[in-house]
Amino acid sequence: MQRRHLLTALMLAAASLAASAQAPDWKKIRIGVEGAYPPFSEVGTDGKLKGFDIDIALALCAEMKAECTLVQQEWDGMIPALQARKFDAIIASMAITEERKKSVLFSEKYQNTPPWMIGKGGLPHDISPAAMKGKKIGVQRTSIHDRWATATYKDSEIVRYSKQDEVFLDLAAGRIDATVCDSVAANLGFLKTPAGKGFAVLGTPPDDPAFFGAGAGIAVRKNDAALQQKFNAAIQAIRANGTYKKVESKYFDFDIYGK
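Going by mature numbering (1 follows the signal peptide of the UniProt record, and there is no 0), the letters in the sequence shown line up with residues -21 to -1, 1 to 238, in that order.
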């Protein structure tokens, strides 16, 4: 009997040691970023990643005292690459939606900006499905804007791109009539650039929580709740100690955290 108890104790100890060995300590974290969504994430002329998302990622890693590696990934492969363990977290202005929560765990939000539709300044500002009938609307593939436009504009042609930069290029060239995208990306990434001259915000910004969620969060795999909690604590810490404000002020003259 005593031998059996000893064997059981040894087995439990071994199981506990195996579990601890398998559980990451998150001192090293690989972060998926896009690099094609200014001013949040882009590649500078020096070939280095820069932008609000990039600086927030680095600030969070510093707060967590973790060694982080940034891994560039095209948007439509973000969640599959996370699931395939190409990286451990996504920091790419990914909206927290119910649909995505079926596949990943999200941190609390770290920014929240509304969507805009932009097009030629002379276009009617009525963006109802009837008014947009027959129009070509460009969107970034698999984004919340893609899903909303596809569900809303049944009689329009939805043109999908792998990068928002590509959408802006075709909009400027007149190959599409409008685009639906994040308001900050639309404003700073297009409207305030030479290419955006003559373009404007059309209609009232859409507001549908079912599609647009409640802000952007950091996505991790479903079984990495410990990492999710580390990011939550780090977001709260940089918001409290002024680091968030410092990063925000580098890119925006308004509160991007949102209400």
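In this text, a Cβ means the ideal position worked out from N, Cα and C, and glycines have one as well.
Under the three-state reduction of DSSP, residue 143 is assigned to helix.
For a cut-off of 8 Å, the C-beta gap from residue 181 to residue 106 is around 5 Å, short enough to register as a contact.
For residue 95, the enclosing beta strand (DSSP E) has its first and last residue at 94 to 99. If you compare the alpha carbons of 76, 172, 88, 91 with that of residue 127, the shortest gap goes to 76. Per DSSP, residue 13 is not a residue of any beta strand (DSSP E), being assigned neither H nor E.
Using a 10 angstroms sphere on the CB of residue 215, the tally of other CB atoms stays under 16, which defines it as exposed. Within the same chain, and ignoring the five residues on either side of residue 50 in sequence, the residues whose Cβ sits closer than 6 Å to its Cβ are 9, 11, 66. 79 is the residue among 152, 101, 79, 94 whose C-alpha sits nearest the C-alpha of residue 201. If only complete runs of 4 or more residues are kept, the region 43 to 97 shows the alpha helix (DSSP H) at 57 to 62, 77 to 80, in order along the chain. In terms of Cα proximity to residue 81, the closest of 58, 63, 98, 71 is 58. For residue 210, the enclosing alpha helix (DSSP H) stretches over residues 204 to 220. In this structure residue 14 touches residue 20 by the C-beta definition: roughly 5 Å separates them, less than 8 Å.
Residue state for residue 175 is assigned as helix, using DSSP reduced to three classes. Between the C-alpha atoms of residue 110 and residue 147 there is a straight-line separation of about 22 Å. For residue 114 and residue 222, the gap between their C-alpha atoms comes out near 43 Å.
The Cβ-Cβ distance between residue 196 and residue 85 falls below 8 Å. Distance between residue 142 and residue 17, taken at the CA atoms: about 11 Å. Rounded to the nearest angstrom, the gap between the Cα atoms of residue 228 and residue 203 is 31 Å. Membership of residue 157 in the beta strand (DSSP E) is indicated by the continuous run 157 to 161.
Checking the DSSP bridge columns, you'll see residue 116 partnered with 137, 157. Close CB contacts of residue 99 within its chain, under the 7 Å cut and outside five residues either way in sequence, are with 177, 178 (chain order). Counting the other Cβ atoms within 10 Å of the Cβ of residue 125 gives 16 or more, which makes it buried. DSSP, reduced to helix, strand and coil, places residue 235 outside both helices and strands of the structure shown, so it counts as coil. If you compare the alpha carbons of 4, 167, 97 with that of residue 149, the shortest gap goes to 97. For residue 175, the closest alpha carbon among the candidates 36, 164, 185 is that of 164. Contact between residue 46 and residue 211 is absent: CB atoms are separated by about 20 Å, not below the 8 Å threshold.
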